[in-house]
Structure formats: structure tokens, C-alpha cells
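The listed protein sequences derive, respectively, from chains D and U.
Be aware that the first sequence starts at -17, since it is given in our numbering, and climbs by one per residue.
Be aware that the second sequence starts at 2, since it is given in our numbering, and climbs by one per residue.
Below is one structure, written out as C-alpha cells; the observations come after it.
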Amino acid sequence: MATETTTRLLTTSKAIAEAIGQEMEADDRVFVMGEDIGAYGGIFGATEGLLDRFGPERIMDTPISETGFIGAAVGAAISGMRPIAELMFVDFFGVCMDQIYNHMAKIHYESGGNIAVPMVITTAIGGGYSDGAQHSQTLYGTFAHLPGMKVVAPSTPYDAKGLMTAAIRDDNPVLYMFHKGVMGLGWMTPNPRATGPVPQEAYTVPIGEADVKRAGTDLTIVTVSLMVHRALDAAEKLAADGIEAEVLDLRSLVPLDREAIAESVRKTRRLLVVDEDYRSYGMSGEVIATAIEGAFDYLDAPPARLALPDVPIPYSRPMEQYVLPQTDGIVDAARALVNG
Amino acid sequence: MPDNEVLREMHRQMVRIRLFEETLVEVYAEGKSPAFDIAAGPVPGEMHLAAGQEPVAAGICAHLRATDAVTATHRPHHQALAHGVDMRLLAAEIFGKDTGLGHGKGGHMHLFSREPAFGCSGIIGEGIPTAVGHALAFKKQGRDDIAVAFFGEGAANQGAFHEALNLAGLWDLPVVFVCEDNTWAISVPKDHATAIEDNSKRAAAYGMPGRYVPDNDPVAIWEAGREAVERARRGEGPTLLEVETYRLLGHFQGDPQVYRSPEVIAELERRDALPRFERRLVDDGVLDEDAVKRVRDEARAEVDAAIEFARTSPYPAPESALDHVFA
């Protein structure tokens, strides 16, 4: 019997919570641990409603003890569970990174493939709302640099649900990074792109596949997470000038869909990378290197990038808005790239 | 009090562990003279041996089954062997061979086994939360398996230790924390590093019983271990044990041990648990001299076979370094 697909409009946070709930229904091994993920529903809503459905044994509020509970997730994963652990803000990784990069990410390798660590770390990323230097970073480049964990960062409710389902079903550790600005939270600046159509049924978005969010011919804008929204806004403005930008949403940083980057650049011959992470030694450099390795002969201009200048994120609004990539800045950079 | 069969088995474990470690002293030295080069010889890298600390492994692991999960440290051989990890696979991993536990990707500080369930970490204290996670999984799965976390007295000052104990106490998890107090955190003695004399008192802060076992006594360790393991298996929650033990060798092979005098080391050797325990078993009629010789001969044969297996096993293909990043 064919199943009828029901698609509703959901916010990204509700899409994530729906994916977790469906996987918990389907698989007893899945459970969630983290700070304020129970009655509160997660500070950013990723576990909203799940405590009532699954109870405190499977939706476990933890002490403020990230090394303890992320380490416990590693052990539980090795012993046959599929834990999801929430690191409230990615900026907090400093208090628990050893569990993440030395344990979660390395045990499968060190064991020669004998021990799997199937777990998900969910974490909030991003700035733009004056939360200061310790609560505004994206840091995906830091994690993507370290081998052994997959890293995903969805930009839409549809991708958020599909990537969460894929992350839970994956036999590897997955760092699932959701930008506070894409969650559709009532207490954040309204973002129409944070609400979108999401099928009710469980489905996966393959980890490691980029997605062309807007097709274009004149340049490729490669980006991820909230900056996809900025790039799409910029592309609309550019279209008014007759410049057709292709917006490639990486969705996953590990594995990186290098072929999608090269393929798009071979088509448009120009590359602009928009990155909300620090500029040096990060995603923007990796994407540009990938384009040069895979599409050097096609490039009509040197690749360009917009990223956080290498400074901590300032608190005061004018300074923060200055260091974060903005729609107008993307438009200007794209025009300069196309008009030479 | 353990029965005679248990005593003989603990003695057998201690003998085979000691012979394994003593043999590694020799094997590790191969290719490292006249100039010591840590990267040279059949066994390169750091080598942390547990000679002298056998009672902790033998006394605790006597109560475990293969499905109980053990996490250990940078000094893991005694617990790996006592928990039933195949000595040949352990030796081959130490030699970096393809037949090793991790196909040569882990090395002596990163040993992992599914059954018996064993893992270790080279980062001080950071293997303890993993044990809490094993215990959490067992509780969720309705199994009566338990987890045991071994760590040194130096690790008891790491945050991971305190976070792990708090979670285990809070969630009443079936885990036994075993602190091996060998006095020396590399070169720094316990009384220079720890605000209290007895780490087992720290159990009170986490709502669990704590017990200190002095003088590296295999029988006392076995008895304390039984109580803690049975308590965990009954679902009554975690226990913290601190066991006084003696590290007869340096922190690692090649350690000049400038921080402790030859007299201190001689005193540790005088107190070495293995000959003391052996004498006691002979005096009590649990073992006779023939039986002792038989245990040693069998251990010698096992260790020789393991080292031979490791020596003659092939190295992994260099490009296999690229495998197993992901499942």
C-alpha cells in the first residue's frame, strides 16, 4: 500500500525534534542527554515535547557536566546504544573536547574498525544577536579539521529533519550543528527561511551531499548553515542586476562534497565562499583549495571569500554586524567577482 | 576470603602478567642501545609497564565476566590480561602488527576489545566517563553486566573523575571505580598533588561508598572488589575503591627515575606482592613448589608464544592507515 506523504510547514527546531522523536519510536537504543533538554525542551527547542512522550529515562536532563555526559554517551554507544548528547553552545567545547576528539572520534580507528561509536552530538552555533565572544561562534572548521567525526550543519527545516534522521542511523559519530538563526525561534530575529515544508514521514538527507539551493550561471556561492539564507537573499538582489548566482549549500562539512563544488565551479567559472567561521585555516580555505584542485582550468577569476576576520566576536551590535558576513557584502563581493 | 581455586587463579594471573611485563622490558630494549632512541626497535613509542600492580588487576577482574566492560589507562596491560584479552592479540598490537587488537592502529595505550569488553585511554582520567556510559547502557538494556573504571591516583585530581563519579552516583549506575594508588604521577608523589590522603573519602561527595585497601594485598583487593562488584550487579549503585599498589618500574621504560631514590625502589621490591603472595599460598598449603613451577612454566610458554606470534605477524600495509576512520 502506498503511503501518502503529508507535508506541513515546520520550523527547523520542530523538524529536528520530529526526527529525534520518530527515531526514538523506531529504535529503543536512541536516547537523549543534555542540559535543559527535558522540561525546557532544549534551549533551542531541538527536543521540544519529547520528555512528555518518552519520559525521563530516555530524555535525560544532565548536570552541567559536559565531559561526564558526552563521555558517558561514548561508552553507551560502544555498549550498544545510540545516544544523542547536546552540547548547548558549541562555544562550550573547551570543557569537554577531549571526549569529543580523543575518544568519540578516535576509538573506531584505534580499534582497527572493531568498535563502533554510533552517536550524535547536537550543538548550537552562530552569532548575530549580540551574545558575545563565548556564545556566538560557529567553529565548524575546528571540528571538521579533526578526523573521525562527521559534521553537518543544515540550513532548512527539510534538511534539518533528514540530516538528523541520517545522523541517528549512522554508525559513526556525527556532530550536528544547528544555527540559532535557522531554528525559527520566537525569541530570535524573525527569519522566514527558518520555516519550510517538511514531510511527516521519516526520511533521510544523505550526509556528505551538498545541495544546489539556487541554480545560476554567473558565479557559485558556496556556503553552509545560516549563510545559505544570506546568500539566497543576495542572489535575489543580484538577479535584479542580471547576475545569476548559484548557491551551493554544503549541508555537510565532513564528508565534504568536493565533486559538487568542482562541478558548480566548472559551470559558473567563478567562486565566492561565504563562511561564518573564522577566516584563516578554515572552511573557506578548504573550499577554495577544492575548487583549485578540481576546477583550476575553468576559473575565470581568483576565488573570493567572505568570512569572520580573525578576531573574537564582539558584543556591540555595530561591531558584530561588521565582522559577520552580510547580504550586502555578499552582493558587493559577487559583483566584483563577476564584473572583474 | 577467596577459596583456594580463586587464590590459585589470582596467582596464575599475577604470574603471567609479571612475565609479560618483564619480557616487554627486554623486548622494548631491543634496538635501543647503545643510544636510547624511543622510535627504534620492534616495540617503539612510550611503554608504561605495570609490574608490581598485578594484584589490582587480578583481585578485581576475578569478579568479572567477559561482558562486563573494563576501561583502563595508559598503563593497561595487567587489566587487559586479567580481563581475558588474548595475550597474542595484545602483544601483536604492541608490536604494531596487522594481527593486533586494532590492526596496529592503536598501540599499547589504545587497546580495544569487544569481548571481553575492554578499552583504555592515554589521557589521564578521561577513560572514566566511558565506563559510566557502559554502565548506563547496561542499566538501560536491563542487563546485570557492570563496568569497572581503572585509573591512577593522579587521575583523581582531574575533572573527568569528579564528573564521572557525580553522574554514576546521581544515576545509581552499576560501575566500580578503582583508583590504583602507586604514589607516583610520573614524578610527582601523591602528597604533593592531592589535598587529602585517601581518595576513597571522595566517594562521600558523590553519594557512594568508598574504601581504601592498603599494601597491595591481593586477598584484600579481591574482598573489596567482591563487595563493590556484587553491589553494582545487584543494581545498588557505584563504589569507589582506592588500592595502594607499587610501581616497580619507571613511569615509562627509559624513565631515569631521578625523583625517587634507589632505596625507595628497593623498598618497593622488598614489598613486591608477587613473592609475598606466593609464599603465603605455599605456607598455607594452597600451592606447593611443583605447582608454582608449573604455573611459571605455563606462563613462560604463553608469553613466549605471544611474543613469537607478534614478531612473526606481518605489519599492516602502509596504506591501510587510511582505513577505519569511519565505519
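The C-beta atom is built at its ideal place from N, Cα and C for all residues, glycine as well.
Treat the numbers as computed from the prediction; the structure is a model and nothing was measured.
In or out: residue i buried (at least 16 other Cβ within 10 Å) or exposed?
i: N154(D); result: buried
i: Y247(U); result: buried
i: H193(U); result: exposed
i: E237(U); result: exposed
i: Y29(U); result: buried
i: G168(D); result: exposed
i: E320(U); result: exposed
i: D298(U); result: exposed
i: Q4(D); result: buried
i: Y140(D); result: buried
i: M146(D); result: buried
i: M(-17)(D); result: Since pLDDT at M(-17)(D) reaches only 49, below the 50 mark, its modelled position is unreliable, and the value read off the structure follows with that caveat. Label assigned to M(-17)(D): exposed.
i: R35(D); result: exposed
i: S262(D); result: exposed
i: E294(U); result: Just to set this straight, residue 294(U) is Lys in the shown sequence, not Glu. K294(U) comes out exposed.
i: P174(D); result: exposed
i: D289(U); result: exposed
i: E31(U); result: exposed
Residues in its own chain within less than 8 angstroms of residue i by CB, not counting five upstream and five downstream?
i: I89(D); result: V56, I60, I97, V99
i: A21(D); result: L33, D43
Look up residue i in the DSSP assignment and say whether it is helix, strand or coil.
i: D73(D); result: helix
i: A302(U); result: helix
i: L214(D); result: helix
i: M2(U); result: coil
i: T240(U); result: strand
i: R196(D); result: strand
i: D34(D); result: helix
i: R271(U); result: helix
i: L201(D); result: strand
i: M209(U); result: coil
i: L(-9)(D); result: strand
i: W223(U); result: helix
i: G120(U); result: strand
i: M15(D); result: strand
i: Y263(D); result: coil
i: S321(U); result: helix
i: A(-1)(D); result: helix
i: M(-17)(D); result: A caution first: M(-17)(D) carries a pLDDT of 49, below 50, which makes its placement in the model unreliable, though a value can still be read off. Of the three classes helix, strand and coil, the one that applies to M(-17)(D) here is coil, per DSSP.
i: H161(D); result: strand
i: E191(D); result: coil
i: L288(U); result: coil
Spatial neighbours of residue i within its chain, please: CB distance less than 7 angstroms, with the 5 preceding and 5 following residues excluded, ordered by chain position.
i: P117(U); result: A67, H84, G85, V86
i: N158(U); result: A194, T195
i: E303(U); result: R17, M88
i: Y91(D); result: G130
i: G53(D); result: Q81, H85
i: P210(U); result: A204, T240
i: A59(U); result: M11, Q14, M15, A83, P219
Less than 6 angstroms between C-beta atoms, sequence neighbours within five positions excluded: which residues of the same chain meet that for residue i?
i: P56(U); result: N217, P219, I222, A274
i: P296(D); result: E302
i: C62(U); result: A83, H84
i: L166(U); result: Y207
I'd like to know whether the C-beta of residue i is nearer than 8 angstroms to at least one C-beta of chain C.
i: I222(U); result: Reference to chain C is not applicable here, since the protein chains of this structure are D and U.
Look at residue i and residue j and say whether their C-beta atoms are less than 8 angstroms apart.
i: A148(U); j: A70(U); result: yes
i: E270(U); j: L249(U); result: yes
i: R248(D); j: Y280(D); result: yes
i: I66(D); j: V12(D); result: yes
i: A106(D); j: P294(D); result: no
i: E258(D); j: S207(D); result: yes
i: H111(U); j: G103(U); result: yes
i: D291(U); j: E243(U); result: no
i: I243(D); j: T199(D); result: no
i: I150(D); j: V102(D); result: yes
Short-range partners of chain D found in the region 66 to 95 of chain U, where Cβ spacing is below 9 angstroms: Under the 9 angstroms Cβ criterion, the region 66 to 95 of chain U contributes A70, T72, E94.
Members of the region 147 to 171 of chain U that neighbour chain D once the beta carbon cut-off is set at 8 angstroms: A148, G160, A161, E164, A165, N167, L168, L171
Contact list for the region 243 to 259 of chain U against chain D, Cβ threshold 7 angstroms: Taking 7 angstroms as the cut-off between beta carbons, none of the residues of the region 243 to 259 of chain U comes near chain D.
Residues of the region 148 to 164 of chain D with Cβ closer than 7 angstroms to any Cβ of chain U, in chain order: D153, N154
Near-chain U residues of the region 258 to 286 of chain D (beta-carbon distance less than 9 angstroms), N- to C-terminal order: none
Residues from the region 30 to 59 of chain D in contact with chain U, defined by Cβ distance under 7 angstroms: P45, S47, T49, G50, F51, G53, A54, A55, V56, G57, A58
Where the region 81 to 103 of chain D meets chain U: residues whose CB sits under 7 angstroms from a CB there: Q81, N84, H85, I89, H90, Y91, E92, S93, G94, G95, N96, I97, A98
Chain-ordered residues of the region 61 to 75 of chain D with a beta carbon less than 7 angstroms from chain U: From the region 61 to 75 of chain D, only S61, G62, M63 have a Cβ closer than 7 angstroms to chain U.
Near-chain D residues of the region 305 to 326 of chain U (beta-carbon distance less than 8 angstroms), N- to C-terminal order: D324, H325, V326
Positions along the region 126 to 146 of chain D whose CB lies within less than 8 angstroms of some CB in chain U: P129, G130, K132
Residues in the region 128 to 140 of chain U having any Cβ partner in chain D nearer than 7 angstroms: Hits within the stretch, in order: P130, T131, A132, V133, G134, H135, L137, A138, F139.
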